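Worksheet: one structure, shown below.
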Amino acid sequence: MLELTRAPVLEPTPLFLGGGVEVRALPARVMLRVQIARPALLNQRAAFYAAAAAAGLPVEPGTTAGEEPRAWWLAPNGWLITANGLAATTIAEKLHRALAPLAHCLVEVSDAYLTLELRGQHARNLLARGTGVELRAPQFVPGRCLRTRCAHAPVLLRPLAGSDVDVELILDRSLARQFCDWLADAAVGIEAVKLAAWAPGAG
Amino acid sequence: MDIRLDLRRDAPPVSAGAAGRWRLASGGEIDRARVLEFSWNGRTLKGFAGDTLASALLANGERLIGRSFKFHRPRGILSAGAEEPNALVALGEGAALEPTARATLVPLRSGLAARSQNCWPSVRFDLGRVLDLCAPLWPAGFYNKMFFWPSWHTYEPLIRRTAGLGAALTDEDPERYESLNASCDLLIAGGGVAGLAAARLAARAGLRVMLAEQAHAFGGSLLARDCQIEERPGSDWVRGVIAELTAAANVTLLPSTTVFGLYDHRHAGLLERLNERVAAPVPIRQRYWRVRAASILLATGAIEQPLAFEHNDLPGIMLAGAVGEYAHRFAVACGRRVIFATNNDSAYVSALALLRAGIEVPLLIDSRSDPPPALLQPLESAGVRVRGNAVVVSATGNPALTTVRVASLGASASIEQVRCDALAMSGGWMPAVHLFSQARGQLRFDAERQCFLPVEASAPVVLAGALAGTDDVSGALTSAAQALAAEATRLGWQVPPATAIQGVRETPVRAGVGRLRRSPFGRAHRAWIDYQHDVTVADVELALREGYEPIELLKRYTTNGMAVDQGKTSNLNALLLVADLTGREPQSVGTTTFRPPYTPVTLGAIAARQIGDHYAPRRYLPAHAEHEALGARFEEAGGWMRPSWYPRAAETREDAIRREVLAVRGGVGLFDASPLGKIEIAGPDAARFLDRFYVNNVLTLEPGKARYGLMLDENGVIIDDGTIARLEAEHFVITTTSGGAGRIAAWLEEWHQCEWPDMQVLITPVTTQWSTVALSGPLARTVLARLPTDIDLGATAFPHLHVRCGTLAGVPARIFRVSFSGELGFEINVPAGFGASLWRTLLDVGRAENITPYGLEALLVLRLEKGFLHVGADTDGTTAPGDVGWGEVAQRKSADYIGRRSLARSENRRTDRLQLMGLSSEGEGPLVCGAHLRFADTTEGSDGWITSAALSPTLGRYVALAMVRGGRARIGDLVHVHDLGKRGVARIVDPRFYDPKGERLHA
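Line by line, the protein sequences are chains A and B.
Plus 79 on top of the position in the first sequence (first one is 1) and you've got this note's numbering.
Plus 189 on top of the position in the second sequence (first one is 1) and you've got this note's numbering.
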């Protein structure tokens, strides 16, 4: 019986870059794009927020909710669901139930994206080579996520808990190769950059 | 501060030591233990660590540094900072060449190779000097008045060769540049006394601070003069503050870094010249910082202005503050006998610095009649003759200054000749308002200081030091604390109130500046205003006579302030001269516009690492490695790296494409179509929504079916095409051109969000979720059927233009019966992770049928043989549906759609529009894409052009698609084909060259 096999976008071997930054490609995981039709009228908003809350979808812009699965805010009516252990169908059934009163759609995009973890003292400085978005506290702390363009690639970022510097990054699979090449190039000399550190309690 | 002079009359003021015969025997912020060798115009010279190239050249007695832009006049060092207009030198050689570097900003390093620019054969004997001998021929705007006969272009090559200062690189720049984004609470531009004081206060308050100083050493004017802060010499105080800031984790110190641009929302552009770092050099030349700051403090200081008199550009004539700085900071004598000329008090301080260093100052000329009593006495007691109410008439010397002629104002007194080897001049100070003006700040003329000052709070920045209107160290320190306090209030920072800095001692100066900057004596056409662009007083007078009175016009006519120094030492003098000559107040004359960059920025730094492979986004296919293994040649198309053709053994490109085309026509071929744009549209209004975008009817499309669709913009111009497939009643998948995937998704979103927000539609781009393989050819079904699937692939169950969802070889699949080759075709979509596996598996199971991978080139030949449209290649920004044979469909549709209204315009109804037609070669020559067409009866102009062309392997002749004027009415006519001087003949035919009835598609 002929069966197709899935190949990873990048080998899971971690890349060790300049400045001690470690980049690791995570194994493929479930990703679902969730959208709810926007409430066109004011009196439809309550139902919209109620459905989003029932489905565990954060309505605060730039935030995430939950861990397994985790819901990432992408747009006022759009989210990305990521999960490592749950099946797509299990997540989808639950979401369909919660969102049933409203027009909505779930599209599996597990194969469209690659997740990278960047760890190390200079991980965020490295990304700052390619994006102007604020990657430090208090704007960028666990529980928040942001979308930006980094070195030509649209990316979705989330700070990893337990560290001030480690970041989870999701990007389109087709750009992964160039992006990782860019990371390696951008890491050259990154340790020589001293950025003004955030002093807690100041400002 | 007591002004006491301790004159060194007992020792020679200059030494004949290792690092220059003009070096003072002691003093200076230089490390005399570290001698650095460098080369200047091929000669080896020596300097000390801590020198700039300029100070080292002066220490070695090098006075002639370069030649001027227009007249090739000999020029020497004028200043000690970023404003330097004359000492522009070339550093390095070959690919490492850096042209037009300001010698005043280049820190000396061992092995530095520098040379003069804009001279031939040498700086001492420059043939270009002949231009100065006939200077009256080249007044302001001469190029607007001459060179009319026979044509400007006759002279242009010579003028272009002559113009310019340095030479640009011709080789690829081997240096590494990088860019970095950063944010901070407080960005301080300027590391002088005000900037340092503000940085220390902010750092102690825990703010994130970035401090940028354009020179390689912090300290600004503190390095140039005697003063004390907190009971310490100024330079010690600087070292102490820098040590504290270096140790603070919340401070980024950026020496050799220029804040060159201020943009909206407190976004600043900084250029860090890492190659100028004295300590710990890094293999990066420059770094471009994009900084977003909550607050920006400008402490950029002030720039001393020159005086205008005859031959005021001779080497040896320098700014007084610079002469003082070279003596105090670098222990360099700019002359052995130095005369001062001034209209303000600051030159007196510089003269005192020289006297302390043991340099002879025989004369100080002040155009004012009230020299400062407190400064007058110590100078006179040191033997300096101070002459008030007097000005310089002219200077002479060849190539450097030897004599100055002096006369009193308002009297017919005789002219005094004074021998000297340096003249230190001061025409007052102009605060460096450039960044403030870039931030849209307003300026006001300060009559007392005879300069423009910022109008506070007219720009979203705060000011300290000279920009805040202070004239001394105490004022700078106070203004820094005040600026920080103001920002703390605005931003809610917890900054403790600053305590006044104690122990400040400095030479007191008055703020007042005399109005006179231009000597009333001497020849105006030999008195320079803009050194770098060779603009004279006479040029300004001429421009005014010719009516160029508005300062912006005058600037452009005379080119004053338009050189690379952007008029840092000329703008103010020019507009004060205009005020004098026209009898207006300087405020009403106004200033020209300051724009970024403040100082030149290397293009390499702006590009940074976005070069080579990182110039643009580059996408890779899921099966890229499979294509590489097959030896594919790749090309970039729509941002994707795509197989172009797959050569076998020694096959040529043409042979490979021909083989691939014939394999598809006669057997089966495999094409990686993954970049095809894919967008899912779902929701109760999905059909109605899509129907508004396509020329074709979407409402009548049944689930399970697909349809070709043409998309227009509001002007009725074709912007994309693809397939519309209805998976379920409220679920569609549309495909777009590969390059249009992102653009069309955004187009749909924009219309939904802005125009039809009430429609219940959900748009999801899924291009890279699916890997797409096109299996094409008469044997395509045979090969596909070898994979296990729950989809009935039979011709009846699954006809052309249908879509089926199911599983294929164990994974979810969407299969479309569509074809861009004109043969029986299946577009097979599986989740992208399985793309490589699908590619390998199909090659494997199709081995018996000699399945052939084909690339983009073969695909384009296949579609050309069928006359299928390639949007973007066959169409342009004017092409309407009627031009490509879709006029009837567009007209027949009853519902409205984007672009429909525009199709009714008379222009779109003309019958002589360019129409897409086929061309069949009637001669031997090839048909070439881009060739122009002309009908037999046309005498001039073009009747169209070829948009796609190929030698058809199937038909054995050249075929082409072409936009032909009124083409459909001319089927069968011959046209002349013109291609870069070659001529040919072709016949206009129906564009469907192969299988015009489409029977093979339905196999």
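Backbone N, C-alpha and C fix where the C-beta goes; we use that ideal spot for every residue, glycine too.
Since this is a predicted model, take the numbers as computed values, not measurements.
Worksheet item: Nearest chain B C-beta to Val102(A) closer than 8 Å, yes or no?
Response: Here residue 102(A) refers to the residue found at position 23 of the first sequence. It does not: the Cβ of Val102(A) has no partner Cβ on chain B nearer than 8 Å.
Discussion item. Residues in the same chain with beta-carbon distance under 7 Å from Asn370(B), minus the five sequence neighbours each way, listed in chain order, please.
Written reply: Counting from one through the second sequence, the residue named residue 370(B) turns up at place 181. If we look at Asn370(B) and ignore the five residues flanking it on each side, its Cβ neighbours are Arg479.
Practice prompt. At 9 Å on the CB atoms, spell out the chain A contacts of Ala998(B), in chain order.
Written response: One-based indexing of the second sequence puts residue 998(B) at position 809. The answer, in chain order, is Met80, Leu81, Glu82, Leu83.
Practice prompt. Check whether the Cβ atoms of Val753(B) and Pro789(B) lie closer than 8 Å to each other.
Written response: Within the second sequence, residue 753(B) is the residue found at index 564, counting from 1. Within the second sequence, residue 789(B) is the residue found at index 600, counting from 1. Yes. Within cutoff.
Worksheet entry | chain B within 8 Å of Glu213(A), Cβ atoms only | Taking the first residue of the first sequence as 1, we reach residue 213(A) at position 134. Residue-level contact check: Glu213(A) touches chain B, since one or more beta carbons of chain B fall below 8 Å from its beta carbon.
Worksheet item: Excluding five sequence neighbours on each side, which residues of the same chain lie with their C-beta closer than 7 Å to the C-beta of Gly995(B)?
Response: To locate residue 995(B), count along the second sequence from 1; it is residue 806. Only Thr978, Asp979, Ile980, Ala1002 meet the Cβ criterion.
Worksheet item: So, helix, strand or coil for Phe314(B), using DSSP?
Response: Taking the first residue of the second sequence as 1, we reach residue 314(B) at position 125. Residue state, collapsed to three classes: coil.
Worksheet item: When you check each C-beta in the segment 249-262 of chain A against every C-beta of chain B, which residues fall closer than 7 Å?
Response: The residues in question are Asp251, Arg252, Ser253, Leu254, Arg256, Gln257, Asp260, Trp261.
Worksheet item: So, helix, strand or coil for His342(B), using DSSP?
Response: Working through the second sequence from its first residue, we reach residue 342(B) at position 153. In the displayed model, His342(B) falls within a helix according to three-state DSSP.
Worksheet item: Does DSSP classify Tyr1043(B) as helix, strand or coil?
Response: What you label residue 1043(B) is simply residue 854 of the second sequence in a count that begins at 1. In the structure shown, Tyr1043(B) sits in coil (DSSP, three-state: anything other than H, G, I, E or B).
Discussion item. Using beta carbons (cut-off 8 Å, strictly below), is Leu274(A) in contact with chain B?
Written reply: One-based indexing of the first sequence puts residue 274(A) at position 195. Interface residue (Cβ-Cβ distance to chain B less than 8 Å): Leu274(A) is classified as such.
Worksheet item: From Ser647(B) to Asn249(B), what does the alpha carbon distance come to, in whole angstroms?
Response: Locating residue 647(B) in the second sequence gives position 458, counting from the first residue. Locating residue 249(B) in the second sequence gives position 60, counting from the first residue. If you draw a straight line from the Cα of Ser647(B) to the Cα of Asn249(B), it is about 47 Å long.
Worksheet entry | Span separating the alpha-carbon of Leu103(A) from that of Arg1052(B) | Counting from one through the first sequence, the residue named residue 103(A) turns up at place 24. Counting from one through the second sequence, the residue named residue 1052(B) turns up at place 863. One point to set straight first is that residue 103(A) is Arg, not Leu, in the sequence displayed. Straight-line Cα distance between these residues: approximately 43 Å.
Item to complete: Spell out whether any CB of chain B is found under 8 Å from the CB atom of Val246(A).
Response: Here residue 246(A) is taken as the residue at index 167 of the first sequence, counted from 1. Closer than 8 Å: no.
Discussion item. Against chain B, does Gly99(A) count as a neighbour if the rule is that its beta carbon must be under 8 Å from one of theirs?
Written reply: Counted from its first residue, the first sequence places residue 99(A) at position 20. Under the 8 Å criterion on CB atoms, Gly99(A) is classed as non-interfacial with respect to chain B.
Discussion item. Assuming the contact rule is C-beta atoms closer than 8 Å, Ala571(B) and Ile554(B) should be a hit. Round their C-beta distance to whole Å, please.
Written reply: Along the second sequence, read from residue 1 onward, the residue named residue 571(B) stands at position 382. Along the second sequence, read from residue 1 onward, the residue named residue 554(B) stands at position 365. With 8 Å as the limit, Ala571(B) and Ile554(B) do not qualify as a contact, their Cβ atoms being about 16 Å apart.
Discussion item. On the criterion of 16 or more Cβ atoms from any shown chain inside 10 Å, does Trp341(B) qualify as buried, or is it exposed?
Written reply: Numbered from its first residue, the second sequence carries residue 341(B) at position 152. With fewer than 16 neighbouring CB atoms inside 10 Å of its own CB, Trp341(B) falls in the exposed class.
Worksheet item: Whose Cβ in chain B lies nearer than 7 Å to the Cβ of Gly141(A)?
Response: Mapped onto the first sequence, residue 141(A) falls at position 62. Here the premise fails: no neighbours, minimum Cβ distance about 16 Å.
Discussion item. If you follow the alpha helix (DSSP H) that Thr1193(B) is in, where does it begin and where does it stop?
Written reply: One cannot answer for residue 1193(B) here, as it falls past the ends of chain B, which runs 190 to 1192.
Item to complete: Starting from Ser228(B), trace the beta strand (DSSP E) both ways and give me its first and last residue.
Response: Walking along the second sequence from the start, residue 228(B) turns up at place 39. Where Ser228(B) is concerned, the enclosing beta strand (DSSP E) stretches over 220-229.
Worksheet item: Just the Cα atoms here: how many angstroms apart are His1165(B) and Ala895(B)?
Response: Position 976 of the second sequence, counted from the start, is the residue given in the question as residue 1165(B). Position 706 of the second sequence, counted from the start, is the residue given in the question as residue 895(B). Distance between the alpha carbons of His1165(B) and Ala895(B): 40 Å.
Item to complete: Following the continuous alpha helix (DSSP H) through Tyr128(A), name the residue where it begins and the one where it ends.
Response: As a working note, residue 128(A) is residue 49 in the first sequence. For Tyr128(A), the uninterrupted alpha helix (DSSP H) run begins and ends at 124-133, by DSSP.
Discussion item. Just to make sure I have the definition right: I need the residues of chain B whose C-beta is within less than 7 Å of the C-beta of Ala162(A). Which are they?
Written reply: Position 83 of the first sequence, counted from the start, is the residue given in the question as residue 162(A). Residues of chain B with a Cβ closer than 7 Å to the Cβ of Ala162(A) do not exist, since the nearest Cβ in that chain sits about 16 Å away.
Fill in: Chain-ordered neighbours of Thr1021(B) on chain A, where CB pairs are closer than 8 Å
For this step, residue 1021(B) is matched to residue 832 along the second sequence. The amino acid at residue 1021(B) is misidentified as Thr; the sequence shows Ala. For the C-beta of Ala1021(B), the chain A residues within less than 8 Å are, from N- to C-terminus, Asp190, Ala191, Arg252.
Worksheet item: Is DSSP giving Asp910(B) helix, strand or coil here?
Response: Mapped onto the second sequence, residue 910(B) falls at position 721. Strand, per DSSP.
Worksheet item: Who are Val527(B)'s beta bridge partners in DSSP?
Response: What you label residue 527(B) is simply residue 338 of the second sequence in a count that begins at 1. Beta-bridge pairing links Val527(B) to Ala611(B).
Worksheet item: For Glu247(A), which three-state DSSP category applies?
Response: Within the first sequence, the letter at position 168 stands for residue 247(A). Residue state, collapsed to three classes: strand.
Practice prompt. Using alpha carbons as the reference points, say which of Leu205(A), Arg112(A), Ala134(A) lies closest to Tyr192(A).
Written response: Locating residue 192(A) in the first sequence gives position 113, where the first residue counts as 1. Closest in C-alpha terms to Tyr192(A), from the list Leu205(A), Arg112(A), Ala134(A), comes Arg112(A).
Discussion item. Restricting to Cα atoms, I'd like to know which of Pro504(B), Ala388(B), His456(B), Ile431(B) is closest to Leu247(B).
Written reply: If you number the second sequence from 1, residue 247(B) lands on position 58. Closest by alpha carbon: Pro504(B).
Worksheet item: Residues of chain A with a CB under 7 Å from the CB of Gln475(B): which are they?
Response: Translated into the one-based positions of the second sequence, residue 475(B) becomes position 286. Under the 7 Å cutoff, chain A gives no residues; its nearest Cβ is about 12 Å from Gln475(B).
Discussion item. I need the DSSP call for Ile933(B), collapsed to helix, strand or coil.
Written reply: Taking the second sequence and counting its residues from 1, the one referred to as residue 933(B) is at position 744. Helix.
Worksheet item: Can you find a CB in chain B that lies within less than 8 Å of the CB of Thr210(A)?
Response: On the first sequence, residue 210(A) is found 131 positions in, with the first residue counted as 1. By this cut-off, Thr210(A) is an interface position.
Worksheet item: Are the C-beta of Met399(B) and some C-beta of chain A separated by less than 8 Å?
Response: Your numbering for residue 399(B) matches position 210 in the second sequence. Met399(B) counts as touching chain A.
Discussion item. So His175(A) contacts chain B; which residues on that side make the cut at Cβ distance below 7 Å?
Written reply: In the first sequence, the residue the question calls residue 175(A) occupies position 96. Those do not exist, as His175(A) stays about 13 Å from chain B at its closest Cβ, beyond 7 Å.
Discussion item. Using beta carbons (cut-off 8 Å, strictly below), is Ala200(B) in contact with chain A?
Written reply: In the second sequence, the residue the question calls residue 200(B) occupies position 11. For Ala200(B), the predicted model reports a pLDDT of 43, less than 50, meaning its position is unreliable and no value from the coordinates is stated.
Worksheet item: What does Arg479(B) reach in chain A if we use C-beta pairs closer than 8 Å?
Response: Locating residue 479(B) in the second sequence gives position 290, where the first residue counts as 1. Result: Gly211.
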